Every structure is written in C-alpha cells, then in structure tokens.
Amino acid sequence: MTDAAIRNAASVILLRDAKTNPRVLMGQRGKNAAFMPNKYVFPGGAVDLDDADVSLIEHPCRATMYRLGLKSEPDLETAILASAIREVWEETGLILGKKGVGTNPAPTGWEGFFASGHLPTAQSFQYVFRAITPPKRPRRFDARFFLVKAEEVVGDLDDFSTAQDELSHLQWVRVDEARNLNLPFITEVVLAEVAALARSGEAPSSVPFFNNTTDTSEFLRLS
Numbered sequence: 070m071t072d073a074a075i076r077n078a079a080s081v082i083l084l085r086d087a088k089t090n091p092r093v094l095m096g097q098r099g100k101n102a103a104f105m106p107n108k109y110v111f112p113g114g115a116v117d118l119d120d121a122d123v124s125l126i127e128h129p130c131r132a133t134m135y136r137l138g139l140k141s142e143p144d145l146e147t148a149i150l151a152s153a154i155r156e157v158w159e160e161t162g163l164i165l166g167k168k169g170v171g172t173n174p175a176p177t178g179w180e181g182f183f184a185s186g187h188l189p190t191a192q193s194f195q196y197v198f199r200a201i202t203p204p205k206r207p208r209r210f211d212a213r214f215f216l217v218k219a220e221e222v223v224g225d226l227d228d229f230s231t232a233q234d235e236l237s238h239l240q241w242v243r244v245d246e247a248r249n250l251n252l253p254f255i256t257e258v259v260l261a262e263v264a265a266l267a268r269s270g271e272a273p274s275s276v277p278f279f280n281n282t283t284d285t286s287e288f289l290r291l292s
C-alpha cells in the first residue's frame, strides 16, 4: 500500500466557560466520510491553496508564531491560520473576525465569510498540539490544533444555522464528559491537554507533537 501524501491541516478547539464549566465545540463526521467516519471531532480540515491569499487583520502571539516554525514559509503560515478560521465558519457558521470589508472577489471558499461583513483574525489563537497521521492510512495530515476562547466568536455561540453539512450534532460538550463520545485517539489526547490548560488558566509552555512522518513514531515538544 502506497502511503498517502501528507497534507497540511488545521483544527480549532473553541473553549467556553473555561473557569466555571469548561466545554468545547464538537461535531460528528458523516458515516461515509473517507477519514474518521462517525467520529466526533473539532471543527477543522485541510488547508486550501487559496487560504494563503487571505489577509489576516491580526496574528497570534509571538509564542504561537514561533512554535509554528514557519517564518521562512510565510504563505504556508498564513494559509494554516486562515484555513482554521475558514473551517470554523464552514462547519459551524461561527465567525472569528472583526467588522471590515474583504477583497472583491473573495478568495475561493471565503465568499460567505466576507459577505458577513467581517475580516478574519487569529489574534487569540494558542497553538496547543500538532500531530501527523501515521503511515498506511487512506488520508494523512500534518494537523495543527489551536485553542481559542469562545468569547472571541462574533454573535450567538449556539446559532449554527449557517453551517454547512460537514459536521452533524454540533454541540458544546463538557471537557470531562467528551471522552464518552466516539472520538479518534488523537482527539482524546488533545482533550487531555485542553483539560489541563483549562484548569491552570495559563498559556501552554510547549506544544506536544506526535511525529509520524515515518514508521517510527516520535513524541516531541515544541518549546
């Protein structure tokens, strides 16, 4: 079996009521999905080439940018951050942005977001996890996970009416109950990291990285 090419991807963990009743937004993938069917996941997906053409009005903190390690690849850096915002919009209808007028025509996939009258911002993004899908899988991703406080979302946190149909059963799940859902292994690991961050209320001091580029799995920390 030939290994699938590794594609860049981004996921967003929206964290609500972190200090009192921490919950994260999750949805279920379709039963016919080629990758992780029926699993509950965070909003996210593959990076599109057009995401590099999107101008972010704000970038994350210096620590997040440094740990991404993409200073020499600014187009990829922009594309990863922008794709995270786009995927949240597409899969949940929620907006991570501020009022403003986007380019016309909008980059492919951004028409609806710009039509909402907002420009994308990644200011509150905290880089908390990275994982590369192991070999011998039908699809492989180099996925970066970003933690974002739900207060940064524009509008009603419970209004998913403009979401596309990529995820079903969208819901805010208590972090301590999320493991009762049908989760991919890596999502369970990420949730443990999020639970620890929610308890501490502090920014991550390093980023766990499951490197499965080859048949030999490595667990690293990006500091």
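Quick note on the numbering used here: the sequence shown kicks off at 70 and runs consecutively.
Idealized CB from N, CA, C, for every residue including glycine.
Bear in mind that the values here come from a model prediction, so they are computed numbers and not experimental data.
Proximity below 7 angstroms, CB of residue i to CB of residue j
i, j, result
"T282", "I149", "no"
"V110", "V242", "no"
"K108", "N251", "yes"
"F194", "V217", "yes"
"P91", "V244", "yes"
"S292", "S275", "yes"
"A219", "R85", "yes"
Sequence-distant residues of the same chain with beta carbon closer than 6 angstroms to residue i, five excluded per side
i, result
"A247", "L260"
"T147", "A121"
"F229", "T161, G162 and L239"
"S124", "none"
As assigned by DSSP and simplified to three states, the class of residue i
i, result
"E127", "strand"
"R208", "coil"
"S269", "helix"
"L260", "helix"
"V222", "coil"
"V244", "coil"
"N251", "coil"
"A115", "strand"
"T190", "strand"
"G171", "coil"
"E160", "helix"
"L153", "Looking at the sequence provided, one finds Ala at residue 153 rather than Leu. DSSP places A153 in helix when its eight states are reduced to three."
Contacts around residue i, its chain only, beta-carbon distance under 8 angstroms, and the 5 residues preceding and following it disregarded
i, result
"D117", "A148, S152, R155, T177 and G178"
"A115", "R76, N77, A78, S152 and F210"
"L137", "E146, I149, Y196 and R213"
"R290", "S275, V276, P277 and F278"
"P253", "M105, K108 and V110"
"D119", "P176, T177, G178 and W179"
Local Cβ density within 10 Å of residue i, reported as buried at 16 or more and exposed below that
i, result
"S80", "buried"
"P112", "buried"
"F198", "buried"
"F288", "exposed"
"T172", "exposed"
"A87", "buried"
"V170", "exposed"
"P273", "buried"
"T45", "Lying outside 70 to 292, the shown extent of the chain, residue 45 is not represented and no answer is given."
Beta-carbon proximity list for residue i, same chain, < 7 angstroms, skipping 5 on both sides
i, result
"E160", "G96, P112, A232, Q233, E235 and L236"
"F183", "G171 and A175"
"E262", "V197, F198 and P277"
"R98", "M105, P106, N107, K108, V110 and L236"
Would the segment 121-137 count as touching the segment 183-190 if we require 3 or more Cβ pairs under 8 angstroms?
Between the segment 121-137 and the segment 183-190, the count of C-beta pairs closer than 8 angstroms reaches three or more; the two stretches touch.
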